[in-house]
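Heads up, the thing below is written out as structure tokens.
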Amino acid sequence: MISAGENFEPPSAETWHIDRWLDQRGWSPFDFQRRTWEAYLAGRSGLVHAATGTGKSYSVWLGIVEEGLRERADRPADSLAPGLSRASGNGRKRKPPEAEPLRALWITPMRALANDLVVSLRRPIEELELNWEIGLRTGDASAAERRRQRKRMPTALVTTPESLSLLLSYPDAREMFRDLRAVVVDEWHELLGTKRGVQTELGLARLRMWNPALRTWGLSATLGNLEEARDTLLGVGPAAAGGVLIHGTTPKQTEVVTLLPETMERFPWAGHLGKRMLKQVVDAVAAAKSTLVFTNTRSQAEIWFREILHARPDWAAEIALHHGSLDRGLREYVEGRTRGGTMKCVVCTSSLDLGVDFSPVDQVIQIGSPKGIARLLQRAGRSGHRPGAVSKILCVPTHAFELVEYAAARDAAAARRIEGRRPLEKPLDLLAQHVVTLAVSDPVLPAPLYDEVRTTHAFRNLTPDEWRWTLDFVERGGPALHAYPQYSKLVQVEGRYVVRSPQTERLHRMTIGTITSDASVAVQYVKGPRLGTIEESFIARLKPGDRFVFAGRTLEFVRCRDLKAYVRKSKKTSGTVPRWEGGRLPLSGELSDAVRAKLGEIADGRFVGPETEQARSILELQAEWSRVPHAGELLIETAHVQRGYQAFVYPFEGYLVNEGLATLLAHRLAARSPRSITITANDYGFELLSPQPFDLKSVDWQALLTTDNLLEDLTACVNATEMARRRFRDIARVAGLIFSGYPGAPTAARQLQASSGLIFDVFREYDPTNLLLDQARREVLEQQLEVTRLREALERAKANHLVLREVPRLTPLAFPLWAARIQKSQVSSEQWSKRVARMVVQLEHAAETTTKRRRRAEAGGARPAAIEIAGEEIAVELTEIPEVAHVAT
DNA sequence: GACCTGCTGCGGGATG
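Note that this note's numbering has the first sequence beginning at 231, numbered continuously upward.
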């Protein structure tokens, strides 16, 4: 419904051209579509929220078209293009009327969506014979298209946030957008909470300054904070007044079904691959006409693709793989065939969460943790992708506790507890970029621009000091870098900022945007096409002749040259699967809440639904050996093992917050008495491991979990680690401090890292008040440590009843943490030499015991797994529980 | 008994 207090006069009946057109086609629009175009015609801005596949785009578009129709109706039938006088037509052949000027701008987060939109927006235009042109402007646009657009813009332009910024950097930008009346931001929920979203906000602020009556419309999927989403999009200027929120009529029906393991006897307690479920998944794929199999990581997608193909070689021609590291050509081929309905099965990552319209898909499978409610619903929505149809998702657990997660996720989805996305505040790196972008187009007067950027939600609280700092930064690179001309982008001429040189201008256009990516190496056949990209660190470990699995094929590594890894096809089918160091998506706050609630139910003896019933044996084991935490309880398990003392804490707060809590506790413990603590975290909890006993009673834990001095302590943690330095690399790129190379010839990643590290150090030493350093720390706190959620977790811990259990062996909840300790990070206040000395002793001890163990293993024991310590592959025998892994050389 | 972890997205001149 339209939010309270929004009353406007509907337009008069006789001008409803669109209605008549729709009637002729027998298409009756949804109520929300009609309300949207009414609001549009009444001059409003707003946000439309509806399920995918219900025609959100049309809801605004029809309003825009209707407006065009009315204008045409108001004009004399033979109206001429502006500038063409009637008299000039005497005796001479009359020119056809010019197309309308640029009226509508359509911003989408993805090129693929942009391409689709152009096609779908054209339909009513052609049928109504409007003299409108629909254009496309993304990085894919040809040179000819760009030239044509510079001469004259189409009536509606579909573009991306980055391309909008680029358009704003051209000298004739103002002219281009002079007649703009509407901006539509598609999939706004995808942009919100990212720097791309802020880039969009800044672009909109500029467009509104030129056209104060500009209407802004956002289109969004379900989101926990729709009002905030609307307000962020509309900004805080006069344009924001009277913004409406329009909801789609019926919420999408979604069914969450779990594929239960046939037996729980040997079902894993930890892990994430879920290969044990292969047979059941293959059966499910066989039973449906077409299936999307979603995985959580790229390597997992590669593995599942290989396994399914192994199981069903007859599917070779109709099963495909899709993830972000595959070459675009391969991906587009897969997308095209999926859309055409000739694919039996596509194994993919989030790369297919969004984008191409896949109405032919009739089954969606999710392998592993759903991580969030919105994400689960989004993926489910790829099936039943029609208005009114039920979406169904088949969930495949990869370890026992995921059964609890699915049950919890279903509860939360039924209660419509959907995650929100918090808008970003004041990313100054992006502001610096934007100021240069505008100055490249036209000399900038500081005072009006300050007012302009403060109409955005992101910079509404920008202080005069911060603004001055930003200008100084783009003018001289700040106090530390003023001696180096490459950091000076703008110069002042008569109070206006202008770009320093044509070269600066060219380089700046190449750095527009906020997406930064890690160094990767292209994978390419010796003779043949590119397959995609792999991380340098993986390639560096390969020797010529080594086999690895990528893009669903087994490849043999030939050589590496110019950041390209050349490969040839291998006849063998086995090989290692690359790992990519991507982002870690933690369990969302909403799903965490739901999991805690579910465990509370179980602790009360209620096993509701098939999943918890299935997981009953392991949950009862947890209860017997330790405890299943009730609602309002925080469980802490302690143990004494050969290598030291362990404490397992289970806040169920998602990986990032759990890791933050672990870091904080380790820091506070180390402040009490110097010691070295190894921390390990997962989505459920964390482990602290120390060579000395913790000896903590309930009150001591309470004291450790206090919110007092939280920011000071966390900041100390951030400073003690590499976190801020790593974060700074991306900031430096966005702010234009680092040039990442000309197209086609990327600067080697290591150089990029070195120079951003160098700048980081220079700032710290000579310009410690540099606001970008501050931003790096803030981003670590807000995005990496999720400080808001972390504080809430501590507050909950304070209110909770702490349950301490001394456990004799690893419990089902502790086991995954123990297994994950491979990825460990250390916080230490102890002297480095002491730590090394102790490590040596431990290694010697471990090496000694392992020889014996290995012999036993060879006589029929478990196969050793491999881990990497300090760049060396070391075999680890994992048969002994509860003691930690023993290192073998 | 348990173990190969970690997403996505964009963009980058100018003539005859």
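Beta carbons are placed, not taken as given, at the ideal position from N, Cα and C, and that holds for glycine.
Take the Cβ of residue i as the centre, count every other Cβ of all protein chains shown within 10 Å, and call the residue buried at 16 or more, exposed below.
i: His-540; result: exposed
i: Lys-325; result: Low confidence applies to Lys-325: its pLDDT is 49, below 50, so where it sits in the model is not reliable, and the reading given next is rough at best. That one is exposed.
i: Ser-372; result: exposed
i: Tyr-509; result: In the sequence on display, residue 509 carries Lys and not Tyr. Exposed is the call here.
i: Asn-949; result: exposed
i: Leu-773; result: The sequence given here has Lys at residue 773, not Leu. Exposed: under 16 other Cβ atoms inside 10 Å.
i: Asp-402; result: exposed
i: His-279; result: buried
i: His-870; result: exposed
i: Tyr-727; result: buried
i: Phe-768; result: buried
i: Lys-802; result: exposed
i: Gln-844; result: buried
i: His-1116; result: Residue placement at His-1116 cannot be trusted, given a pLDDT of 29 that sits under 50; the coordinates are not used to answer.
i: Val-511; result: buried
i: Gly-862; result: exposed
i: Ala-443; result: exposed
i: Met-740; result: exposed
i: Asn-939; result: exposed
Find the nearest neighbour of residue i within the set the options, judged by alpha-carbon distance.
i: Lys-482; options: Arg-836, Ala-451 and Ala-516; result: Ala-451
i: Gly-725; options: Leu-701, Ile-745, Tyr-717 and Val-871; result: Leu-701
i: Glu-841; options: Asp-641, Asn-526, Arg-528 and Gly-614; result: Asp-641
i: Arg-651; options: Arg-739, Thr-424 and Leu-633; result: Thr-424
i: Val-626; options: Glu-705, Met-383 and Leu-489; result: Leu-489
i: Trp-257; options: Ser-395, Pro-354 and Asn-345; result: Pro-354
i: Glu-917; options: Leu-1024, His-502 and Tyr-880; result: Tyr-880
i: Thr-568; options: Arg-542, Val-620 and Arg-612; result: Arg-612
i: Lys-381; options: Met-406, Leu-360 and Glu-359; result: Met-406
i: Glu-854; options: Glu-995, Gly-478, Arg-1039 and Asp-681; result: Arg-1039
i: Tyr-875; options: Leu-926, Tyr-914, Gly-890 and Ala-911; result: Leu-926
i: Leu-1146; options: Trp-291, Ala-281, Ser-287 and Pro-259; result: The chain is shown from 231 up to 1119; residue 1146 falls before or after that span and cannot be answered.
i: Val-670; options: Val-704, Thr-686, Pro-657 and Arg-646; result: Val-704
i: Val-591; options: Leu-584, Gly-598, Ser-599 and Gly-614; result: Gly-614
Can the beta-carbon of residue i be found closer than 8 Å to that of residue j?
i: Met-494; j: Ile-848; result: yes
i: Leu-1032; j: Trp-931; result: yes
i: Phe-1122; j: Ser-822; result: Shown here, the chain extends from 231 to 1119; a query on residue 1122 therefore has no answer.
i: Leu-456; j: Leu-277; result: yes
i: Ile-764; j: Phe-787; result: no
i: Leu-422; j: Thr-462; result: yes
i: Gln-596; j: Phe-524; result: yes
i: Ala-531; j: Val-564; result: no
i: Gln-1005; j: Ile-961; result: yes
i: Thr-484; j: Ala-639; result: no
i: Val-515; j: Leu-606; result: no
i: Val-183; j: Pro-673; result: One cannot answer for residue 183 here, as it falls past the ends of the chain, which runs 231 to 1119.
i: Thr-266; j: Thr-338; result: no
i: Tyr-885; j: Phe-631; result: no
I'd like the span of the alpha helix (DSSP H) that includes residue i, first residue to last.
i: Ala-630; result: 630 to 644
i: Thr-385; result: Thr-385 -> no alpha helix (DSSP H), and no H or E assigned at all.
i: Val-670; result: 658 to 671
i: Ala-435; result: 425 to 440
i: Thr-648; result: A small correction: the amino acid at residue 648 is Ile; Thr does not occupy that position in the sequence shown. That residue, Ile-648, is in no alpha helix (DSSP H); it is neither H nor E in DSSP.
i: Glu-831; result: 819 to 833
i: Ile-355; result: 341 to 357
The beta strand (DSSP E) that contains residue i, what's its start and end?
i: Arg-445; result: 445 to 450
i: Ala-550; result: 549 to 552
i: Ile-1120; result: Residue 1120 lies beyond the range of the chain shown here (231 to 1119); nothing can be said about it.
i: Leu-935; result: Taken as a continuous stretch (DSSP letters only), Leu-935 belongs to no beta strand (DSSP E), as it is neither H nor E.
i: Lys-622; result: 621 to 626
i: Leu-1121; result: Because the chain is modelled from 231 through 1119, residue 1121 falls outside the range shown and cannot be assessed.
i: Gly-298; result: First-last for Gly-298: 286 to 304, but that is the alpha helix (DSSP H), not the beta strand (DSSP E).
Which ranges would you report for the beta strand (DSSP E) in the region 847 to 912 if only whole runs of at least 3 residues count? Along the length of the region 847 to 912, whole beta strand (DSSP E) runs at least 3 residues long occupy 863 to 871, 874 to 880 and 906 to 911, reported in chain order.
Counting only runs of 4+ residues fully inside the region 991 to 1031, write out the alpha helix (DSSP H) ranges in chain order. Fully enclosed alpha helix (DSSP H) runs of 4 or longer: 1001 to 1009 and 1017 to 1029.
Those runs of the beta strand (DSSP E) which lie wholly inside the region 688 to 760 and span at least 3 residues: You should have 720 to 723, 726 to 729 and 750 to 755.
Along the chain, which unbroken stretches of the beta strand (DSSP E) at least 3 residues long are found entirely within the region 471 to 519? Whole beta strand (DSSP E) segments, 3+ residues: 474 to 477 and 484 to 488.
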